[in-house]
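Student: Quick one: the structure is below, questions incoming.
Chains as they are written, first to last, in the working numbering: chain A, 37 to 123; chain B, 70 to 939.
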């Protein structure tokens, strides 16, 4: 379920920036340009993030790591839930 | 919405002013970039134009000013430059005064430098004479007289058959002179040979170094004295001295006392001359100082006046000769401003006749004008480098402000290098005013300085991209928790570790996703840091970056196609919406947006554990659908089995090539057919419509024509009846020109566009893969610098390690900055530029316009200043 938390949070952030940001631009000769810039930034950054996020949602391969580093992972990041492999 | 989205509307105007007021009107108008004058006297040679005398006069004034500036610079006086925006032109009375002043100044300065030269020459002569007197004393003091006689006698005695030069009658005489130091050896030898060893030369070098007044070169001289017998030798010696450009002093007094007196006299003369020279110099400096304060202001005025007369040369006379007529392009928004400026100009002149500004209609294409400020101008200029937008066409610049740094960042994504670039851009932007004032003429610096806003934005987006790629100088951060954990138990790990030590080869283990990956919490923002330590990281990252490139590319191209819709709607061209935009969009959607959709669905639904997907059993990751081969099979209409397992529950062979959602074959077939059907519509739609239009137009004209007999002239006339002919309204800009094209031309034109689009879709999508390629190269270079340069310093222990680290870090920093930031930055800049120019803009941009070059004093002065510096 915590898959959804970053999804909703980041999307909501960029939505706020992209839809709400243009409302706060002070009037002036450059108002339109600044609004375009804000919307484009929100769209581009969100697209970039969501592509990276979705790609890592269901990884089809895993990293190949030297045993020494795996022992380090065991110490720092902990073991996976469930029975550990022992072949 | 400002005019940056589309170029400004321009109006072709006619300007009528009274002859006397013309100068003031142009002077007022030139203060702002409002008007682009058309040259109405284009056939006239520049020497026959009306104001050629005035222009010559001002060119002459400019020359005088340049001469004065040179003289001022020679004396080392600094000239103050005041930058102000006041472009008022002096009136005629003041200009005449200025001319008189400049003529006087020039005459004075020329006279002064001439007299200076003369004085220096005199000084040099006196100094040489003094040196000659001194050295001659030296020669005689040393008893050289006797030494000379002895040597010459010896020489005479040796040569039996030599000429008897020593006569009782001829006394020993000497000649004194000055010769250049480097010539003296040759001189001596020639002298020795020519006089058959009967001339005796002694020389002494002059310690002071003199300066040649004309050229400023340093001269090193030596004083020589030649002892010889007889007059015949004297002639020979004179000729030799002539040849070596040695200066003889025949008046050198023979007795020591006379020499002393002459020396005292010459020293007095030198002191007097020096005083005179100093005073002259002081006077010159004073005059030049006074000039220096004004010279820039005068230069500005002279150039402004010259440019006004150049512009006035573009005007023509109107009928009687009392009025000037000019034709010009003015932006619609500025017409009122121009009217006001004209009134001000006329007022200044004291004339009562009001200037007239008429708007004319013309078939000529207007120039393209985009109003930019210091931030947007650099983005506009990179769009303009490809081609100036056609009049009233959509301008890609406002979108480029963000998409360009974004695409750059996809290729440059590194947190550390992004920070360096951002800081550099920030420095240039914050110190803008100061840097502009310093007026640095270095080309490379001015390139970087001109692009400071681009550099700032590129740095900012690169920081974000570096954060997402989780790459900071080839290292990753673990800010949010990594989704991967250890699935192996300790005994196994220890056993394998012992094996590694035994075989001296590191044992590798793969972390299988279904065991190690915490499926409910992937890394929240960016690439998981575990991939930085995995040996097979490139397999994972390449797949990600390629899919990212394709999605970003197709998004940008679709955006471009929608921008073309904007253009068609602005120009009210319904036919193009239906025969060009919709088929283009359908073609792109059916093939490429479908591909993107497939990528996203594969990400969401397919993992390594068996599951039920779309109602079918999925055995595992060996059956995850291959999208690339799937695309190829889609086009080949290949028969594929539905699902991954057969009826007996056994996994089918090559299950990654099978259909992965129900109805895939039918849907894909439909998509391909729709896409292919779009091609002939794109190809033939518009030409057929245009041909029909042309026929209708001809028909309408023919219907309303009648032939009539004119009783008075006995001729037949053809009359077009005014009613019933509906003009084609709304097709202005580039689209109105189709009426007269032949069908063949239209067809070829459309075929080229269609082929360009269809093939372009495929090739441009592949071209966007350079986003992946460059970011891979950048990441690998970073890694090389880390592992092969910096990491070596960490292997050394204690204090020595600290010292080694100091030097290794220097190497690391130099390489990082020069290769990774500068070279890679330039490379990514270039590729991002190409992607914008070709892949993005070919979807909607024509770029066939010409720029608006208004008559503007600021620009005139800037161009003149650049020409000065060059």
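Glycine included, each C-beta is placed from N, C-alpha and C at the ideal position.
Shortest alpha-carbon distance to residue 129/B belongs to which of 371/B, 831/B, 892/B?
Tutor: 371/B
Student: Taking the alpha helix (DSSP H) that residue 494/B falls in, what are its first and last residues?
Tutor: 484-499
Student: What residue range is occupied by the uninterrupted beta strand (DSSP E) comprising residue 387/B?
Tutor: 385-387
Student: Hey, is residue 579/B's beta-carbon within less than 8 angstroms of any beta-carbon in chain A?
Tutor: yes
Student: So with Cβ pairs under 8 angstroms, would you call residue 98/A a contact of chain B?
Tutor: yes
Student: On the criterion of 16 or more Cβ atoms from any shown chain inside 10 Å, does residue 329/B qualify as buried, or is it exposed?
Tutor: A residue is called buried when at least 16 other Cβ atoms come within 10 angstroms of its Cβ; residue 329/B does not meet this threshold and is exposed.
Student: With 16 as the cutoff for other CB atoms within 10 Å, does residue 537/B come out buried or exposed?
Tutor: With 16 or more other Cβ atoms within 10 Å, it is buried.
Student: Considering Cα atoms alone, identify which of 680/B, 728/B, 750/B, 138/B is closest to residue 655/B.
Tutor: 750/B
Student: For the segment 102-171 of chain B, which segments carrying the alpha helix (DSSP H) assignment without a break, of at least 4 residues, lie completely within its bounds, in sequence order?
Tutor: 121-143
Student: Is it buried or exposed, residue 653/B, if we count other Cβ atoms within 10 angstroms and call 16 or more buried?
Tutor: buried
Student: Just mark residue 199/B as buried or exposed, buried being the case when its beta carbon has 16 or more other beta carbons within 10 Å.
Tutor: buried
Student: Is residue 115/A helix, strand or coil by DSSP?
Tutor: strand
Student: Rounded to whole angstroms, what is the Cα-Cα separation between residue 433/B and residue 475/B?
Tutor: 39 angstroms
Student: Between the beta-carbon of residue 855/B and the beta-carbon of residue 543/B, is there less than 8 angstroms?
Tutor: yes
Student: Taking C-beta to C-beta, are residue 167/B and residue 360/B nearer than 8 angstroms?
Tutor: no
Student: Under 8 angstroms by Cβ, that's how I've got residue 85/B and residue 392/B pegged, so tell me the actual separation to the nearest angstrom.
Tutor: 5 angstroms
Student: Quick one, which residues of the segment 692-708 of chain B are near chain A if we go by CB-CB under 9 angstroms, in chain order?
Tutor: If you check each beta-carbon in the segment 692-708 of chain B against every beta-carbon of chain A, the ones closer than 9 angstroms belong to 693.
Student: For a test of the three-state rule: what should DSSP assign to residue 734/B, helix, strand or coil?
Tutor: helix
Student: Under 9 angstroms Cβ-Cβ, which residues of chain E neighbour residue 82/A?
Tutor: Of the chains in the structure shown, none is chain E; the protein chains are A and B.
Student: In terms of residue numbering, what span does the beta strand (DSSP E) encompassing residue 680/B cover?
Tutor: In the DSSP assignment, residue 680/B falls within the beta strand (DSSP E) that extends over 680-682.
Student: Assuming residue 733/B contacts residue 696/B under a Cβ cut-off of 8 angstroms, what Cβ separation, rounded to an integer in Å, is found between them?
Tutor: Not quite, the Cβ-Cβ distance comes to about 12 angstroms (not below 8 angstroms), so this is no contact.
Student: Compile a chain-ordered list of the residues in the segment 440-451 of chain B whose CB is closer than 9 angstroms to at least one CB of chain A.
Tutor: 440, 442, 444, 445
Student: Exposed or buried, residue 431/B, counting other C-beta atoms within 10 Å across all chains shown (16 or more means buried)?
Tutor: Its Cβ having fewer than 16 others within 10 Å, residue 431/B is exposed.
Student: Under 8 angstroms between beta-carbons, which chain A residues line up against residue 585/B? List them in chain order, please.
Tutor: The contacting residues are 98, 116.
Student: So with CB distances below 7 angstroms, who are the chain A contacts of residue 593/B?
Tutor: Residues of chain A with a Cβ closer than 7 angstroms to the Cβ of residue 593/B are, in chain order, 42.
Student: Using CA coordinates, which residue listed in 490/B, 269/B, 641/B is at the minimum distance from residue 892/B?
Tutor: 490/B
Student: Kindly list the residues whose CB is nearer than 7 angstroms to the CB of residue 89/B, restricted to its own chain and excluding five residues on each side of it in sequence; keep chain order.
Tutor: Excluding positions up to five away in sequence, the list reads 418, 420.
Student: So which residues of chain B does residue 113/A contact, with C-beta pairs closer than 9 angstroms?
Tutor: 547, 550, 551, 553, 554, 555, 599
Student: Are the Cβ atoms of residue 581/B and residue 598/B separated by less than 8 angstroms?
Tutor: no
Student: Counting pairs of Cβ atoms below 8 angstroms between the segment 631-645 of chain B and the segment 917-929 of chain B, do you hit three or more?
Tutor: no
Student: State whether the segment 614-623 of chain B contacts the segment 567-577 of chain B, with contact taken as three or more CB pairs (one from each stretch) at a distance under 8 angstroms.
Tutor: no
Student: Is the segment 240-251 of chain B close to the segment 286-301 of chain B, with three or more CB pairs under 8 angstroms?
Tutor: Yes, the segment 240-251 of chain B touches the segment 286-301 of chain B.
Student: Since residue 53/A meets chain B, which of its residues come closer than 9 angstroms, beta carbon to beta carbon?
Tutor: Ordered by position in chain B, no residue passes the 9 angstroms Cβ test against residue 53/A, which lies about 13 angstroms from the chain.
Student: For residue 76/B, which option in 400/B, 182/B, 123/B, 251/B has the closest C-alpha, if you only look at C-alpha atoms?
Tutor: 400/B
Student: Does residue 50/A get closer than 8 angstroms to chain B when you measure Cβ to Cβ?
Tutor: no
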